[in-house]
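**Student:** Let me begin by handing over the structure; questions about it come next.
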Amino acid sequence: MARKTKQEAQETRNRLLDAAEQLFHQRGVSRTSLQDIAEAAGVTRGAVYWHFEDKAQLFNAMMERATMPLEEGMSPALAEAPQLTLAELRFGLVNVFFLAMHSERTRRVFEIAMKKVEYTGELQALQERKIAAHRDWREQNRAAFDHAAAQGQLLAGLDTRLAAIALVALVDGLIHQWILDPESFDLVAIGQAAVERFLNGLGHGGPALLPPMTTEERARLGQQSVCRRSAAAD
Numbered sequence: 001m002a003r004k005t006k007q008e009a010q011e012t013r014n015r016l017l018d019a020a021e022q023l024f025h026q027r028g029v030s031r032t033s034l035q036d037i038a039e040a041a042g043v044t045r046g047a048v049y050w051h052f053e054d055k056a057q058l059f060n061a062m063m064e065r066a067t068m069p070l071e072e073g074m075s076p077a078l079a080e081a082p083q084l085t086l087a088e089l090r091f092g093l094v095n096v097f098f099l100a101m102h103s104e105r106t107r108r109v110f111e112i113a114m115k116k117v118e119y120t121g122e123l124q125a126l127q128e129r130k131i132a133a134h135r136d137w138r139e140q141n142r143a144a145f146d147h148a149a150a151q152g153q154l155l156a157g158l159d160t161r162l163a164a165i166a167l168v169a170l171v172d173g174l175i176h177q178w179i180l181d182p183e184s185f186d187l188v189a190i191g192q193a194a195v196e197r198f199l200n201g202l203g204h205g206g207p208a209l210l211p212p213m214t215t216e217e218r219a220r221l222g223q224q225s226v227c228r229r230s231a232a233a234d
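Just so we're aligned, residue 1 is where the sequence shown starts under UniProt numbering, counting upward by one.
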């Protein structure tokens with residue numbers, strides 16, 4: 001039997017990720033076996049283990065392809081820049097809202113992560129990873145707020161740690177509510193308004209911290225993935 005080419009191996013890996021995404025969404029992660037995924041992808045169970053050590057690694061790869069919710073920053077800029085401007089922070093968050101609404105894959109994996117997985121047993125490590133990612137996100141927010149405070153943009157004495165925690169809770173809560181009932185509100189419109197009101201509320205009462213999003217910024221929505229690593233996995 002001829003050895004598979006790199007392209008053939010990548011195609012098999014993608015079929016496995018596609019099958020896992022569909023089955024996890026339909027049945028839940030705990031009720032889906034690696035054999036189920038292999039059959040749905042049209043490959044042997046051995047092919048699954050050639051690409052992934054276990055279900056946890058497969059789940060992790062599937063989520064990274066579209067991005068774990070609220071993980072590793074909200075945009076490539078958040079992953080690369082140690083100190084974001086508030087406008088960059090706003091754009092990254094609105095981009096997440098946009099992708100959740102308009103990318104079927106992003107929405108599906110958000111639903112899986114929030115509603116279809118129990119972080120126990122072999123998936124316990126993913127819970128720990130998710131907690132670590134949220135901590136990193138809070139620290140990125142805090143760095144952005146500290147930078148803005150140093151520029152004299154924020155209220156004197158603002159507790160930037162508390163503000164960072166509150167922003168995570170705001171965005172996480174909006175996405176959870178929308179995933180639960182997508183018809184209840186426009187996530188992009190409401191999400192942008194909520195984030196802007198929150199960030200502007202941290203100001204010292206002078207001019208608004210955030211000018212309206214430009215036409216160029218709006219044109220970029222959905223053009224970059226939620227996190228840097230997911231772009232590399234596609």
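Where a beta carbon is used, it is the ideal one built from N, C-alpha and C, also for glycine. No experiment lies behind these values; they were computed from the predicted model shown.
Among V109, A148, W137 and L158, which one has its Cα closest to the Cα of A169?
**Tutor:** Position 169 of the sequence shown, counted from the start, is the residue given in the question as residue 169. Closest by alpha carbon: W137.
**Student:** Using only CA atoms, which one of N60, S30 and T5 lies nearest to L16?
**Tutor:** The residue given as residue 16 occupies position 16 in the sequence shown. Taking L16 as reference, the option from N60, S30 and T5 with the minimal CA-CA separation is N60.
**Student:** Short of 7 Å in beta carbon distance, which residues of its chain neighbour Q35, apart from the five on each side in sequence? Order them along the chain.
**Tutor:** Stepping through the sequence shown from its first residue, residue 35 is reached at position 35. Cβ within range, chain order: R45.
**Student:** Among I175, A87, H147 and F145, which one has its Cα closest to the Cα of A113?
**Tutor:** For the purposes of this step, residue 113 is taken as residue 113 along the sequence shown, with counting starting at 1. Residue I175 holds the alpha-carbon nearest to the alpha-carbon of A113 among I175, A87, H147 and F145.
**Student:** Quick check: M62 and F24, are their CB atoms within less than 9 Å of each other?
**Tutor:** To locate residue 62, count along the sequence shown from 1; it is residue 62. To locate residue 24, count along the sequence shown from 1; it is residue 24. Yes.
**Student:** Give me the residue from N95, L209 and G203 with the minimum Cα distance to L155.
**Tutor:** By one-based count along the sequence shown, residue 155 stands at place 155. Ranking N95, L209 and G203 by Cα distance to L155 puts G203 first.
**Student:** Using C-beta distances below 7 Å, list every residue in its chain close to D146, excluding the 5 sequence neighbours before and after it, in chain order.
**Tutor:** Residue 146 sits at position 146 when you count from the first residue of the sequence shown. The beta carbon of D146 lies closer than 7 Å to those of T160 in the same chain, with the five residues before and after it left out.
**Student:** Any beta carbon from chain B within less than 9 Å of V94's own beta carbon?
**Tutor:** The displayed structure is made up of one protein chain only, and chain B is not part of it.
**Student:** If you draw a straight line from the C-alpha of A219 to the C-alpha of N95, how long is it?
**Tutor:** By one-based count along the sequence shown, residue 219 stands at place 219. By one-based count along the sequence shown, residue 95 stands at place 95. One C-alpha to the other measures close to 11 Å.
**Student:** Starting from H102 and walking both ways along the alpha helix (DSSP H), at which residues does that stretch end?
**Tutor:** The count along the sequence shown starts at 1 and reaches residue 102 at position 102. Unbroken alpha helix (DSSP H) run through H102: L86 to H102.
**Student:** Closer than 6 Å by C-beta to Q192: which residues in its own chain qualify, once you throw out the five before and the five after it? Chain order, please.
**Tutor:** Here residue 192 refers to the residue found at position 192 of the sequence shown. Within the same chain, Q192 has close Cβ partners V94.
**Student:** Is the separation between the beta-carbon of L221 and that of V188 shorter than 9 Å?
**Tutor:** The residue you call residue 221 lines up with position 221 of the sequence shown. The residue you call residue 188 lines up with position 188 of the sequence shown. Cβ atoms of L221 and V188: closer than 9 Å.
**Student:** Could you check where the alpha helix (DSSP H) with R31 kicks off and where it finishes?
**Tutor:** The residue given as residue 31 occupies position 31 in the sequence shown. Run containing R31: none; DSSP gives neither H nor E here.
**Student:** Going straight from the alpha carbon of R129 to that of L123, what length do you get?
**Tutor:** Taking the first residue of the sequence shown as 1, we reach residue 129 at position 129. Taking the first residue of the sequence shown as 1, we reach residue 123 at position 123. Each residue's alpha carbon lies about 10 Å from the other.
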